[in-house]
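In the numbering used here, the protein residues as written are 12 to 494.
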């Protein structure tokens, strides 16, 4: 038979078990989130992630040899033990973080401390439609369009000029099969006509969009949610324990939120009780992030809670039990005498919450990404484990046999490539039939993942997951290769 080649010489069929090892999907699965966890089922991961890299030469493989490779790969896949489940309450790390060095914990409010039910998404959608019709003169017919929660995912890019919604990977490449005009799929041929290629320049991608229509409905949304807090907020029974533990450990805590105080007060009372402000040393509302982090000229104002009136006198110190409006981060650090490396700030948005404090003020950062719960649930499913396992084996076979010159052999490779494409679509559809996983494209981390890993030292699905770790725990990013 014709041998396969690696850097040490020929690899015969007897070594095919190493070639098609299922350790590669194991590696893919756990690096999807740059896994750093305490879960015991990950302890042996580093011993299971060695993948042989082959250097192929242009060889002519017979159809019979290719069929043998395929059959052996299928046999290995069917017999191989599936990877263990990922712990859904894990805290992942992109960067080493020693909690023992953290003296101050800071938090955003919306989608960080407060987690919302799907009812809020529909509410924002409906209010947004009304704003488009009444303020921006959109046709009244759009009012009949119903909210489809299964359509979009987090981290997409929208091209206003061309009306295209798309998913990009970390290299600004558009994921094939994940670009839409409304609910209509757009072919890659049309994409290339519009953009010249399937990749977009960094300057094009990083333009900032401010949602005027959505921003204008916030006051109405706050009013409606405030009238029925239990309908719209999800109470985490472990959240009180989290804040109590921080205070027992002598940590200082603060909130910086763009939401108005009355709205935060209603939500925090529901989540933590009437004395919720006892858990915080500083409370800042209407902060106007991200300007709060960069505009040093904006002064703090004190809010008189009892009468909801703003005091216009100068604020010279920030006191526990009081509420402050606007302000800026530099003044906050100066008044509290906080060292940036001793502050850990949690937010839900890698860019508007975490980028500036990480890059310019050297705060340590944590991201609360509620989508992790669904992603991990799917990663742990039997359908995903089996599909991704066979996909990686099949892709290895294609990669190492693709240079066959015989026409019949090329037909076999084409069959495998079609099967690979079907498997890719299947694994994508398990997450979302339109855009797939929040964290991965077919081959690479998403653009959102790149931002998350860059600006968040740690990330998890909810704050209370930190209850599983000591306040002196050190998180380490796992050094495992994707491929």
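Backbone N, C-alpha and C fix where the C-beta goes; we use that ideal spot for every residue, glycine too.
| query | result |
| --- | --- |
| Which of helix, strand or coil DSSP assigns to residue 126 | strand |
| Straight-line Cα distance separating residue 407 from residue 295 | 53 Å |
| Span separating the alpha-carbon of residue 480 from that of residue 192 | 45 Å |
| Rounded separation between residue 529 and residue 200 - CA only | The question about residue 529 has no answer here: the residues shown for the chain are numbered 12 through 494. |
| Beta-carbon contacts of residue 213 that lie in its chain and below 7 Å, excluding the five residues immediately before and after | 183 |
| Exposed unless 16 or more other CB atoms sit within 10 angstroms - verdict on residue 177 | buried |
| Three-state secondary structure (DSSP) of residue 241 | helix |
| Classification of residue 328 by the beta-carbon crowding that lies within 10 angstroms, buried from 16 upward | exposed |
| Residue 421 versus residue 427: straight-line alpha-carbon distance, rounded | 10 Å |
| Close beta carbons around residue 203, own chain, < 7 Å, minus the five adjacent residues each side | 209 |
| Close Cβ partners of residue 168 (< 6 Å) along its chain, the five nearest in sequence each way excluded | 177, 179 |
| Of the residues 259, 361, 391, 351, the one placed nearest residue 379, counting alpha carbons only | 361 |
| Best match in 135, 423, 126, 254 for proximity to residue 160 [C-alpha to C-alpha] | 135 |
| Distance, residue 164 Cα to residue 194 Cα | 14 Å |
| Of the residues 271, 274, 288, 272, the one placed nearest residue 254, counting alpha carbons only | 288 |
| Straight-line Cα distance separating residue 454 from residue 387 | 18 Å |
| The stretch 264-275 touching the stretch 118-131, judged by at least three CB pairs closer than 8 Å | yes |
| Spatial neighbours of residue 244 in its chain, beta-carbon cut-off 8 Å, leaving aside the 5 residues before and after | 125, 126, 127, 128, 236, 278, 281, 282 |
| Nonlocal neighbours in the same chain, by C-beta distance under 7 Å from residue 306, ignoring five residues either side | 339 |
| Uninterrupted beta strand (DSSP E) stretches inside the stretch 181-220 (no shorter than 3 residues) | 185-192 |
| Collapsed DSSP secondary structure at residue 246 in the structure displayed | coil |
| Rounded Cβ spacing between residue 105 and residue 468 (contact assumed at less than 8 Å) | 6 Å |
| Distance between residue 100 and residue 474 (C-alpha atoms, nearest Å) | 10 Å |
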